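Asker:
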Amino acid sequence: MADFKLRRSLLYVPGNMPSMLQNIPLFQCDAVQIDLEDAVPLSEKDAARILVRRFLDNYKVRNKEILVRINGLDTKWALDDLKTVLPAKPDGIRLPKADTPEVVEHLDTLLTEYEEELGLRVGHFKILPSIETAEGVLNAPKTARASDRLIGLAFGAEDYTATMEINRTKTGEELFNARMNVLWGAKAAGIQAIDSIFADVNDMEALRKETELIKKLGFTGKCMINPRQIDIIHEVFAPKQEEVDYALEVMDAIKRAREMGTGVISLKGKMIDRPVVVRAARVLNTARAHGMVDIVINEEDINGTE
Amino acid sequence: MEILKKGQAGTMQSSDLMVTVEPADRLLIEIESTVKKQFEHLIRAKLEEVLAKNAVKSGKVSISDRGALDYAIEARLEAALQRAGGA
Chain A
164 MADFKLRRSL LYVPGNMPSM LQNIPLFQCD AVQIDLEDAV PLSEKDAARI
214 LVRRFLDNYK VRNKEILVRI NGLDTKWALD DLKTVLPAKP DGIRLPKADT
264 PEVVEHLDTL LTEYEEELGL RVGHFKILPS IETAEGVLNA PKTARASDRL
314 IGLAFGAEDY TATMEINRTK TGEELFNARM NVLWGAKAAG IQAIDSIFAD
364 VNDMEALRKE TELIKKLGFT GKCMINPRQI DIIHEVFAPK QEEVDYALEV
414 MDAIKRAREM GTGVISLKGK MIDRPVVVRA ARVLNTARAH GMVDIVINEE
464 DINGTE
Chain B
-4 MEILKKGQAG TMQSSDLMVT VEPADRLLIE IESTVKKQFE HLIRAKLEEV
46 LAKNAVKSGK VSISDRGALD YAIEARLEAA LQRAGGA
């Protein structure tokens, strides 16, 4: 539970648009992903990376996590992207087309070289790989363990449906298996699972439904393309007050149980044991990040002492 | 560096600028800006700073500015110079 960082909302910002870049400090999202890939036309790749570099050089006091989506490592732009942008010390790299663990390992090696060159701690730069092809989905469990730098796996439904030669729907039945594989891969490796963007910025009701669905499945954050989508995503990910109250009761109940020498106890007719406590701890950690409670949950609260 | 050919970078979007650099015998700077009255001297100072940093001794630099901040002026001029650097 040491590295509990909220990443509910990850906003894409086009790398070649000063009007969007300079609003980054104002956006209320948890992270931004400055885009050098799909949002930048081929003729502007060179200019965009310079613009991003100079923007980040000047954005010194940062109030959110900054990731840069570079071009795929199989393109001729990726190395120049890294070389230009890394000296401005973004928090990490969003890696497109992370189809295999080897792609992530390759980026890991490159980042280590830059860290040594820049005098940074090895491991400073994080990686968020995009799982966005059929191959990427199949390899997700291995990719999730490819590097200690990974903060999560990010599912990219737009490219995924393109590689599957299917249409993306607002209800998302076609994404179910892929999402589950990404989730299992991420959870088994102990990292976060971040869901895809929702493309229709005018349909807030469908955005809410999709966010509720992916939260239910286990995703802890969602990417987005428009700052207008931030509020709904935060609303959905915020724990409900009754969930928080119940979680507090669970923590209290298990403490009493352990004082009585048992690991299981009944609370309002429901059995409370370790898995329930783990879920309650997660709710309280999220609630704490939302400023709803003040308590810090540690391993001892979850597991008890020997 | 030397400006070997014409190079252009930027856009005409708000908060951006379009920079054109081309070979010339001496250093010339031309500024068009929506905020020329208030900020011409600051824009010029920023352009001169970037030109000096890149050791540009001669060339014509024209900009059409739509209210860009310093970082964007710097980045667009750097990109234009890079594109004008031959190869």
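The listed protein sequences derive, respectively, from chains A and B. When the letters of the first sequence are read in order and numbered with this note's numbering, they come out as residues 164 to 469. When the letters of the second sequence are read in order and numbered with this note's numbering, they come out as residues -4 to 82. In this text, a Cβ means the ideal position worked out from N, Cα and C, and glycines have one as well. These figures come from a predicted structure and were not determined experimentally.
1. Does DSSP classify Y222/A as helix, strand or coil?
2. Any beta carbon of chain A sitting closer than 8 Å to that of S57/B?
3. Would the region 343 to 360 of chain A count as touching the region 302 to 313 of chain A if we require 3 or more Cβ pairs under 8 Å?
4. For the region 45 to 78 of chain B, which residues have a CB atom closer than 8 Å to at least one CB atom of chain A, in sequence order?
5. Is there at least one Cβ from chain B nearer than 8 Å to A210/A's Cβ?
6. Give a yes or no on whether the minimum CB-CB distance between Q392/A and chain B is below 8 Å.
7. Quick check on I8/B - is its C-beta less than 8 Å from some C-beta in chain A?
8. What is the rounded straight-line gap between the Cα of I435/A and the Cα of I458/A?
9. How is the alpha helix (DSSP H) around G384/A delimited, first residue to last?
10. Once you ignore the five residues that flank R170/A on each side, which residues in its own chain have a CB closer than 8 Å to its CB?
11. Do we get a CB-CB distance below 8 Å when we pair A4/B with the residues of chain A?
12. In chain B, what lies closer than 7 Å to P177/A by C-beta?
13. Would you kindly report the start and end of the unbroken beta strand (DSSP E) that includes L291/A?
14. Going by DSSP in three states, M327/A sits in which element: helix, strand or coil?
15. Any beta carbon from chain A within less than 8 Å of D20/B's own beta carbon?
16. Under a Cβ-count criterion, where at least 16 other Cβ atoms within 10 Å of its own Cβ denotes burial, should I38/B be classed as buried or exposed?
17. I need the straight-line Cα distance from L174/A to I233/A, nearest angstrom please.
18. Taking 8 Å as the cut-off, decide whether the C-beta atoms of I465/A and A444/A are in contact.
Answerer: So, from the listed chains and residues:
1. It is coil, neither helix nor strand.
2. The Cβ of S57/B sits no closer than 8 Å to any Cβ of chain A.
3. Segments in contact, yes.
4. From the region 45 to 78 of chain B, only A63, L64, D65, Y66, A67, E69, A70, R71, E73, A74, Q77 and R78 have a Cβ closer than 8 Å to chain A.
5. At least one chain B Cβ lies under 8 Å of A210/A.
6. Q392/A has a beta carbon lying at 8 Å or more from every beta carbon in chain B.
7. One detail in the question is off: residue 8/B reads as Gln in this sequence, not Ile. It does; some Cβ of chain A falls within 8 Å.
8. Roughly 20 Å separates the two Cα atoms.
9. Not the alpha helix (DSSP H): G384/A falls in the beta strand (DSSP E), residues G384 to M387.
10. Exclusion of the five residues before and after R170/A leaves D193, A194, E228, I314, G315, Q355, I357, T383 and G384 as the residues of its chain whose Cβ lies within less than 8 Å of its Cβ.
11. Taking CB atoms only, A4/B has a neighbour in chain A less than 8 Å away.
12. Ordered by position in chain B, no residue passes the 7 Å Cβ test against P177/A, which lies about 11 Å from the chain.
13. Annotation: the continuous beta strand (DSSP E) that includes L291/A extends over K289 to I294.
14. If DSSP states are grouped into helix, strand and coil, M327/A belongs with the helices.
15. For D20/B, the closest Cβ of chain A is not nearer than 8 Å.
16. Per the 10 Å Cβ criterion, buried.
17. In this structure, the CA atom of L174/A is about 15 Å from the CA atom of I233/A.
18. Yes, Cβ-Cβ distance for I465/A and A444/A is below 8 Å.
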